[in-house]
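Input: a single structure, listed below in structure tokens.
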Amino acid sequence: MAKMLCTGGAGFIGSNFVRLVLETTDDHVTVLDALTYAGHRESLSDLDPKRVTFVHGSVTDADLVDELVGDHDVVVHFAAESHNDNSLNDPSPFIRTNIVGTFELLEAVRRHGRRYHHISTDEVYGDLELDDPQRFTETTPYNPSSPYSASKASSDLLVRAWVRSFGVQATLSNCSNNYGPRQHVEKFIPRQITNLIDGIHPRLYGAGLNVRDWIHVDDHNRAVLRIIEAGRIGETYLIGADGEMDNKSVIELILELMGEDRSAYDHVADRPGHDLRYAIDAAMLRRELGWEPHFKDFRSGLAATIDWYRANESWWRPMKEATEAKYAAAGH
Ligand code: NAD
Ligand code: TDX
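Taking numbering that gives the first Met the number 0, I'd label the letters of the sequence shown as residues 0 to 331.
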């Protein structure tokens, strides 16, 4: 049994990761989470307290981080400010949490000689043309567009430098857009599902031709577990499930699955600097670590996600009004 420290474990991907660890290993998990607007204790409240310990605190708190890292075998770092639109409104928490927080963890991992896995995003590579035959690979140069993606790119580069300069035992993964249960209603898919439940039209930024490469959160997390288990130290693994789809088609599919007219959505102001297309080539992960996605059919994964939001209104309702007020102020 290993003792795992999971930062950001009360957020979307982190909370699903904790569940997967409990289901598939005998590890103990300590969650370190600051419970920002994006963190929810309820996402963990039904889990066995003998196997999950919750610590309320920030990854920027050097003393707390040092103590916790020293007491664990493996650190998996999910905690971040994660939303592009928020980073355009106010970049400052993105710099503190995503860059300084990663620095504090790396320093603690270095002092204590612990194994570290860094969670990142395909957005660090910038965007692709719609007709570009190349997809992102582990060697694509970094070219981030937004304050969010620049802060994640910075954190990745810190990890690579700590591996090379100090011999820190780290791996990295950069994943494409996740969907699934417990995702904040500020994000594209849950925003449209919960709008429709509330009788509001879905909101499409610009013409909606932007392409995202969708992967179910459990497939992302199964890949993370494989990398922790068998990944090569110092290596970056790209995680994606060949799920490219443009935003307009995603909105039309959500409308269809929820029994509405496929054209019943509104076009709203586009996001400044909006990345056009992300696409991941996950050949290395598949070849080297034998990973395969379980969710191969986006339509059925999306239908299950819609069912989850219908059945769990008490989870998302408290955050809906404030989220929509923020969007209204930004013209989205
Ligand atoms: P999220 O916003 O749902 O959750 C983030 C969690 O981190 C929250 O629980 C929040 O309270 C916590 N947190 C924020 N600041 C903190 C701090 N200073 N100290 C401790 N905890 C703090 O985000 P998510 O979508 O679950 O993303 C998790 C990670 O995965 C991030 O690193 C993100 O960059 C990366 N990622 C996300 C996606 C995606 O599609 N959502 C894709 C690829 C990579
Ligand atoms: O209401 C909306 N309408 C709309 O058209 C919203 C909220 C978004 N969009 C568009 C913008 C993007 O092209 O949908 C796409 C997806 O938007 P987000 O859910 O905000 O995701 P994105 O900006 O692609 O970033 C996501 O994937 C990479 C995560 O939020 C990041 O944390 C991750 O790193």
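All residues carry an ideal CB built from backbone N, CA and C; glycine is no exception.
Requested in this report: Determine the burial state of R231: buried for a count of at least 16 other Cβ atoms within 10 Å of its Cβ, exposed for fewer.
Outcome: As a first step, residue 231 must be located in the sequence shown, where it is residue number 232. Burial call: exposed.
Query raised in the report: What number of angstroms, rounded off, separates the C-alpha of P146 from the C-alpha of Y236?
Result: To locate residue 146, count along the sequence shown from 1; it is residue 147. To locate residue 236, count along the sequence shown from 1; it is residue 237. Distance between the alpha carbons of P146 and Y236: 23 Å.
**Report entry** S81, DSSP secondary structure in three states
**Finding:** Counting from one through the sequence shown, the residue named residue 81 turns up at place 82. In the structure shown, S81 sits in coil (DSSP, three-state: anything other than H, G, I, E or B).
Query raised in the report: Does the region 157 to 168 come within contact of the region 93 to 109, defined as at least 3 CB pairs closer than 8 Å?
Result: yes
Query - Bounding residues of the beta strand (DSSP E) (the contiguous stretch that carries T6) - result: As a working note, residue 6 is residue 7 in the sequence shown. Looking at the DSSP string, the run of the beta strand (DSSP E) that includes T6 is 2 to 6.
Query raised in the report: Within the present structure, is the beta-carbon of G10 separated from the nearest heavy atom of the ligand NAD by less than 8 Å?
Result: One-based indexing of the sequence shown puts residue 10 at position 11. Indeed, a heavy atom of the ligand NAD lies less than 8 Å from the Cβ.
Report task. Assuming D280 and F135 form a contact by the criterion Cβ under 8 Å, report the distance between their Cβ atoms to the nearest whole angstrom. Result -> Taking the sequence shown and counting its residues from 1, the one referred to as residue 280 is at position 281. Taking the sequence shown and counting its residues from 1, the one referred to as residue 135 is at position 136. Sure, about 6 Å apart at Cβ, within 8 Å.
Query raised in the report: Relative to the ligand TDX, is the shortest distance from any of its heavy atoms to the C-beta of R270 smaller than 8 Å?
Result: On the sequence shown, residue 270 is found 271 positions in, with the first residue counted as 1. The answer is yes for R270.
Requested in this report: Taking M283 and E122 to be in contact with their CB atoms under 8 Å, please state how far apart those CB atoms are, rounded to whole angstroms.
Outcome: By one-based count along the sequence shown, residue 283 stands at place 284. By one-based count along the sequence shown, residue 122 stands at place 123. That pair is no contact at about 19 Å.
Query - For D26 and S144, the rounded distance between their alpha carbons - result: Here residue 144 refers to the residue found at position 145 of the sequence shown. Here residue 26 refers to the residue found at position 27 of the sequence shown. Those two C-alpha atoms are separated by around 38 Å.
Query - Y308 CB to nearest heavy atom of the ligand TDX below 8 Å - result: Walking along the sequence shown from the start, residue 308 turns up at place 309. Answer for Y308: no, Cβ out of range of the ligand TDX.
Query raised in the report: For G184, which option in G300, G205, H39, A278 has the closest C-alpha, if you only look at C-alpha atoms?
Result: What you label residue 184 is simply residue 185 of the sequence shown in a count that begins at 1. One detail in the question is off: residue 184 reads as Val in this sequence, not Gly. V184 has its Cα closest to that of H39, out of G300, G205, H39, A278.
**Report entry** Range of the contiguous beta strand (DSSP E) that encloses F53
**Finding:** Translated into the one-based positions of the sequence shown, residue 53 becomes position 54. From DSSP, the beta strand (DSSP E) with F53 extends over 51 to 55.
Query raised in the report: Does at least one heavy atom of the ligand NAD sit under 8 Å from the Cβ of I98?
Result: Residue 98 sits at position 99 when you count from the first residue of the sequence shown. Because no heavy atom of the ligand NAD lies under 8 Å away, the Cβ of I98 does not count as near it: no.
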